[in-house]
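>
Numbering (mature numbering (1 follows the signal peptide of the UniProt record, and there is no 0)), first residue to last: -20 to -1, 1 to 112.
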(Lines of atoms letter the chains of each structure in order from A and count residues from 1; the text may use other names and numbers.)
(Lines give C-alpha, C1' and ligand atoms only; values in the text may rest on other atoms or scores of the structure.)
Protein backbone atom coordinates (compact mmCIF):
# COMPACT_ATOMS: atom_id res chain seq x y z
CA UNK A 1 0.00 0.00 0.00
CA UNK A 2 2.76 2.45 0.96
CA UNK A 3 4.66 1.67 -2.24
CA UNK A 4 1.53 2.39 -4.26
CA UNK A 5 1.20 5.86 -2.63
CA UNK A 6 4.85 6.62 -3.33
CA UNK A 7 4.40 5.62 -6.96
CA UNK A 8 1.35 7.87 -7.32
CA UNK A 9 3.18 10.75 -5.64
CA UNK A 10 6.12 10.28 -8.01
CA UNK A 11 3.90 10.24 -11.08
CA UNK A 12 2.05 13.31 -9.83
CA UNK A 13 5.31 15.21 -9.26
CA UNK A 14 6.60 14.29 -12.71
CA UNK A 15 3.38 15.35 -14.38
CA UNK A 16 3.33 18.66 -12.51
CA UNK A 17 6.95 19.43 -13.30
CA UNK A 18 6.30 18.80 -16.99
CA UNK A 19 3.78 21.65 -16.94
CA UNK A 20 6.29 24.21 -15.72
CA UNK A 21 8.14 26.30 -18.24
CA UNK A 22 11.74 27.26 -17.75
CA UNK A 23 12.42 30.79 -16.58
CA UNK A 24 13.87 31.53 -20.02
CA UNK A 25 10.68 30.31 -21.72
CA UNK A 26 8.61 32.41 -19.34
CA UNK A 27 10.73 35.50 -20.04
CA UNK A 28 10.35 35.04 -23.80
CA UNK A 29 6.59 34.60 -23.48
CA UNK A 30 6.12 37.56 -21.12
CA UNK A 31 8.18 39.86 -23.36
CA UNK A 32 6.27 38.77 -26.45
CA UNK A 33 2.87 39.19 -24.79
CA UNK A 34 3.78 42.59 -23.34
CA UNK A 35 4.97 43.83 -26.73
CA UNK A 36 1.88 42.53 -28.54
CA UNK A 37 -0.58 43.95 -26.00
CA UNK A 38 0.99 47.23 -24.89
CA UNK A 39 3.58 48.44 -27.41
CA UNK A 40 4.11 50.99 -28.56
CA UNK A 41 3.15 52.59 -25.28
CA UNK A 42 1.80 56.12 -25.02
CA UNK A 43 4.49 58.78 -24.80
CA UNK A 44 5.34 59.71 -21.20
CA UNK A 45 8.06 62.28 -20.47
CA UNK A 46 9.07 62.27 -24.15
CA UNK A 47 9.70 58.51 -24.04
CA UNK A 48 7.81 55.65 -25.69
CA UNK A 49 8.48 51.93 -25.20
CA UNK A 50 8.51 50.25 -28.60
CA UNK A 51 9.11 46.64 -27.59
CA UNK A 52 10.55 44.23 -25.07
CA UNK A 53 12.47 41.16 -26.28
CA UNK A 54 14.12 38.22 -24.54
CA UNK A 55 17.48 37.24 -26.05
CA UNK A 56 18.07 33.64 -24.93
CA UNK A 57 21.71 33.36 -26.02
CA UNK A 58 22.76 36.03 -23.51
CA UNK A 59 19.79 35.67 -21.10
CA UNK A 60 19.01 39.35 -21.67
CA UNK A 61 15.70 41.16 -21.39
CA UNK A 62 16.07 43.97 -23.93
CA UNK A 63 13.87 47.05 -23.78
CA UNK A 64 13.59 49.26 -26.88
CA UNK A 65 12.47 52.87 -26.49
CA UNK A 66 12.09 55.94 -28.69
CA UNK A 67 12.87 59.43 -27.47
CA UNK A 68 10.62 62.14 -28.89
CA UNK A 69 10.16 65.87 -28.50
CA UNK A 70 12.75 67.62 -26.36
CA UNK A 71 14.36 64.33 -25.30
CA UNK A 72 15.20 63.47 -28.92
CA UNK A 73 18.48 65.38 -28.70
CA UNK A 74 21.76 63.53 -29.22
CA UNK A 75 23.91 66.25 -27.63
CA UNK A 76 21.76 66.39 -24.50
CA UNK A 77 21.76 62.60 -24.15
CA UNK A 78 25.55 62.47 -24.54
CA UNK A 79 26.01 65.25 -21.97
CA UNK A 80 23.85 63.40 -19.43
CA UNK A 81 24.94 59.82 -20.26
CA UNK A 82 26.41 59.00 -16.83
CA UNK A 83 23.33 60.39 -15.05
CA UNK A 84 21.02 58.45 -17.37
CA UNK A 85 23.00 55.24 -16.81
CA UNK A 86 22.76 55.69 -13.03
CA UNK A 87 19.02 56.44 -13.22
CA UNK A 88 18.40 53.30 -15.29
CA UNK A 89 20.48 51.18 -12.89
CA UNK A 90 18.68 52.59 -9.85
CA UNK A 91 15.28 51.96 -11.46
CA UNK A 92 16.30 48.38 -12.27
CA UNK A 93 17.47 47.81 -8.70
CA UNK A 94 14.14 49.10 -7.35
CA UNK A 95 11.94 47.20 -9.83
CA UNK A 96 10.27 44.37 -7.93
CA UNK A 97 8.66 43.07 -11.13
CA UNK A 98 12.02 41.80 -12.38
CA UNK A 99 13.11 40.22 -9.08
CA UNK A 100 12.81 36.62 -10.30
CA UNK A 101 14.93 37.39 -13.34
CA UNK A 102 17.49 39.30 -11.30
CA UNK A 103 17.70 36.43 -8.79
CA UNK A 104 18.45 34.11 -11.73
CA UNK A 105 21.24 36.40 -12.98
CA UNK A 106 19.57 37.68 -16.14
CA UNK A 107 20.98 40.71 -17.98
CA UNK A 108 18.97 43.80 -18.83
CA UNK A 109 19.57 46.07 -21.80
CA UNK A 110 18.00 49.42 -22.65
CA UNK A 111 18.22 50.87 -26.16
CA UNK A 112 16.91 54.37 -26.82
CA UNK A 113 16.49 55.48 -30.43
CA UNK A 114 15.67 58.82 -31.94
CA UNK A 115 11.97 59.23 -32.71
CA UNK A 116 12.85 61.42 -35.71
CA UNK A 117 15.59 59.11 -37.00
CA UNK A 118 14.82 55.58 -35.72
CA UNK A 119 18.06 54.14 -37.08
CA UNK A 120 20.02 56.44 -34.75
CA UNK A 121 20.73 54.94 -31.32
CA UNK A 122 21.02 57.67 -28.70
CA UNK A 123 21.69 55.46 -25.69
CA UNK A 124 22.42 51.75 -25.33
CA UNK A 125 23.13 50.41 -21.83
CA UNK A 126 23.42 46.87 -20.51
CA UNK A 127 23.32 45.78 -16.88
CA UNK A 128 24.56 42.48 -15.55
CA UNK A 129 24.18 40.81 -12.18
CA UNK A 130 27.08 42.83 -10.73
CA UNK A 131 25.24 46.08 -11.56
CA UNK A 132 22.05 45.39 -9.64
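By construction, the Cβ of each residue, glycine as well, lies at the ideal position given by its N, Cα and C atoms. Values in this document were obtained by computation on a predicted structure and should not be read as measured data.
(1) Please confirm whether residue 73 and residue 112 have their CB atoms less than 8 Å apart.
(2) Between 32, 46, 6, which has its C-alpha nearest residue 24's C-alpha?
(3) With residue 81 as the anchor, note down where its alpha helix (DSSP H) starts and where it stops.
(4) Tell me where the beta strand (DSSP E) around residue 89 begins and ends.
(5) Using 10 angstroms around the beta-carbon of residue 82, count the other beta-carbons present and answer buried if the total reaches 16, otherwise exposed.
(6) Please state the DSSP three-state secondary structure of residue 23.
So, to answer that:
(1) In the chain shown, residue 73 corresponds to position 93, counting from 1. In the chain shown, residue 112 corresponds to position 132, counting from 1. When the beta-carbon positions are compared, residue 73 and residue 112 come within less than 8 Å of each other.
(2) Position 44 of the chain shown, counted from the start, is the residue given in the question as residue 24. Ranking the options by Cα distance to residue 24, first place goes to 46.
(3) Taking the chain shown and counting its residues from 1, the one referred to as residue 81 is at position 101. 79 to 83 is the span of the alpha helix (DSSP H), which, as asked, contains residue 81.
(4) For this step, residue 89 is matched to residue 109 along the chain shown. Looking at the DSSP string, the run of the beta strand (DSSP E) that includes residue 89 is 87 to 94.
(5) Start at 1 with the first residue of the chain shown, and residue 82 comes out as number 102. Answer is buried; the Cβ neighbour count reaches 16.
(6) Taking the chain shown and counting its residues from 1, one reaches residue 23 at position 43. Look at residue 23 here: in three-state DSSP terms it is coil, with no helix or strand label.
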